[in-house]
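K.L.:
Here it is, the structure, as structure tokens.
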Amino acid sequence: MQNQMRKIIPLVLALLLTACSSFDQVDETKNWSPSRLYSEARDELNALNYERAIDLLEKLESRYPFGTYAQQAQMEIAYAYYRQGDQPQALAAVERFIKLHPDHPNVDYMYYLRGLINFNDRTSIFDFLSRQDMTERDPKAAREAFDSFKLLVDRFPNSKYAPDAEARLAYLVNGMAQYNVHVADYYYRRGAYLAAVNRAQAAVRDYPNTPATEEALFIMMKSYDALNLPQLRDDTERVLRLNFPDSIYFKGGKTIEKPWWQIW
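Under the working numbering, residues 622 to 885 are what the sequence shown spells out, in order.
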């Protein structure tokens, strides 16, 4: 019995010490005012300590949900997650804010931020440093970024974020057009000529007057030729010559291979 007690007593003492130490861990922010919580969170944001900033902002929102800082804290949380690189949490925070405060005077910024989050998505078509084949990537993020920026420009044309959103819209349109051309070229080089035609047509139809149109028409022309459809090939060639009389593709064929992301 004594041997068993000798074994049990140290264990009990260790548990008691652990419990006591947990009680000693008092939240230093417990009695902080809303202004101090917000000020400290802003300092952490400026110092790039996003995890700590998010913790303080979430405490601010939960403790003072109806205070003057609550809505600002929600916006800052979304921004902090965005800068931290946590795309799902950032998007969730943005959507939550827009749903709760659709008429907020700064809701235009949240639409802009939503566009930025998708625009900078590392798995999007703009991650040109990756060696993953482009056809394996889903340009969903680019389309969602486009939708957010378009909504911002349409709904808030006088927003200070509108000019930058318009510039990003142009970039996104060119990028999505070039994506379709890349896929069309991928199919053409593998002998899937009908699929190549379909993707090239999509680039011309959905994104007219973009730099990618020239190459899309050329791929269509070559694919129709490979499919032994001379009438469609000749029609496409006429359109290509009419719109791009100095095209490089009439000067030795497709001899210049630009990286897909060089869209201007």
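The beta carbon of each residue, even a glycine, is placed where N, CA and C say it ideally should be.
Quick check: the Cα distance between Y870 and K843, rounded to an integer number of angstroms?
P.N.:
For the purposes of this step, residue 870 is identified with residue 249 of the sequence shown, where counting begins at 1. For the purposes of this step, residue 843 is identified with residue 222 of the sequence shown, where counting begins at 1. One C-alpha to the other measures close to 11 Å.
K.L.:
Does any residue of chain D bring its CB to less than 8 Å from the CB of L772?
P.N.:
As a matter of chain content, chain D is missing from the structure shown, which is built from one protein chain.
K.L.:
Judging by CA-CA distance, which residue of D676, R684, P709 is the nearest neighbour of E697?
P.N.:
Counting from 1 along the sequence shown, the entry for residue 697 is found at position 76. Minimum Cα distance to E697 is reached at D676.
K.L.:
So, at 7 Å on beta carbons, what are the nonlocal neighbours of Q692 in its own chain, with the 5 sequence-adjacent residues on each side left out?
P.N.:
Counting from 1 along the sequence shown, the entry for residue 692 is found at position 71. Only H722, H725 meet the Cβ criterion.
K.L.:
Measure the alpha-carbon distance for D867 versus L790 and round it to whole angstroms.
P.N.:
Here residue 867 refers to the residue found at position 246 of the sequence shown. Here residue 790 refers to the residue found at position 169 of the sequence shown. Between D867 and L790, the C-alpha separation is close to 28 Å.
K.L.:
In the DSSP assignment, find the unbroken alpha helix (DSSP H) run with K843 in it and report its ends.
P.N.:
Position 222 of the sequence shown, counted from the first residue, corresponds to residue 843. From DSSP, the alpha helix (DSSP H) with K843 extends over 833-847.
K.L.:
Helix or strand or just coil, what does DSSP make of T857?
P.N.:
Against the sequence shown, residue 857 aligns to sequence position 236. Looking at T857 - three-state DSSP - the assignment turns out to be helix.
K.L.:
Tell me the rounded alpha-carbon separation between V860 and Y809.
P.N.:
Position 239 of the sequence shown, counted from the start, is the residue given in the question as residue 860. Position 188 of the sequence shown, counted from the start, is the residue given in the question as residue 809. C-alpha separation (whole angstroms): 20 Å.
K.L.:
T689: buried (16+ other C-beta within 10 angstroms of its C-beta) or exposed?
P.N.:
In the sequence shown, counting from the first residue as 1, residue 689 sits at position 68. It is exposed - the Cβ of T689 has fewer than 16 other Cβ atoms within 10 Å.
K.L.:
For A813, does the three-state DSSP call read helix, strand or coil?
P.N.:
As a first step, residue 813 must be located in the sequence shown, where it is residue number 192. If DSSP states are grouped into helix, strand and coil, A813 belongs with coil.
K.L.:
Pick helix, strand or coil for D648, following the three-state DSSP scheme.
P.N.:
Locating residue 648 in the sequence shown gives position 27, counting from the first residue. Three-state DSSP puts D648 in coil, outside helix and strand.
K.L.:
Using a 10 Å radius around the Cβ and a threshold of 16 neighbouring Cβ atoms, would you call R826 buried or exposed?
P.N.:
Taking the sequence shown and counting its residues from 1, one reaches residue 826 at position 205. R826 should be labelled exposed.
K.L.:
Cα separation between N739 and Q710?
P.N.:
On the sequence shown, position 118 is the one that residue 739 refers to. On the sequence shown, position 89 is the one that residue 710 refers to. C-alpha separation (whole angstroms): 12 Å.
K.L.:
Do you know offhand how far E679's Cα is from R735's?
P.N.:
Locating residue 679 in the sequence shown gives position 58, where the first residue counts as 1. Locating residue 735 in the sequence shown gives position 114, where the first residue counts as 1. Cα to Cα, the separation comes out at about 20 Å.
K.L.:
Please name the residue, chosen from D785, F839, T650, A816, that lies closest to S683 on a Cα-to-Cα basis.
P.N.:
For this step, residue 683 is matched to residue 62 along the sequence shown. With distances taken between Cα atoms, S683 lies closest to T650.
K.L.:
Mark V633 as exposed unless 16 or more other C-beta atoms lie within 10 angstroms of its C-beta, in which case mark it buried.
P.N.:
Locating residue 633 in the sequence shown gives position 12, where the first residue counts as 1. Interpretation of V633 is limited by its pLDDT of 47, a score under 50 that renders its predicted location unreliable; the figure taken from the coordinates is listed afterwards. Label assigned to V633: exposed.
K.L.:
Just confirm the distance between the C-beta atoms of I840 and V794, as a whole number of angstroms; I'd bet it's less than 8 Å.
P.N.:
Counting from 1 along the sequence shown, the entry for residue 840 is found at position 219. Counting from 1 along the sequence shown, the entry for residue 794 is found at position 173. With 8 Å as the limit, I840 and V794 do not qualify as a contact, their Cβ atoms being about 19 Å apart.
K.L.:
Mark I746 as exposed unless 16 or more other C-beta atoms lie within 10 angstroms of its C-beta, in which case mark it buried.
P.N.:
Mapped onto the sequence shown, residue 746 falls at position 125. Legend: pLDDT at I746 = 45, less than 50; position of this residue unreliable, value from coordinates given subsequently. Classification for I746: buried.
K.L.:
Where V647 and L681 are concerned, what is the direct C-alpha to C-alpha distance, given to the nearest angstrom?
P.N.:
Here residue 647 refers to the residue found at position 26 when the sequence shown is read from its first residue. Here residue 681 refers to the residue found at position 60 when the sequence shown is read from its first residue. Taking the straight line from one Cα to the other gives about 17 Å.
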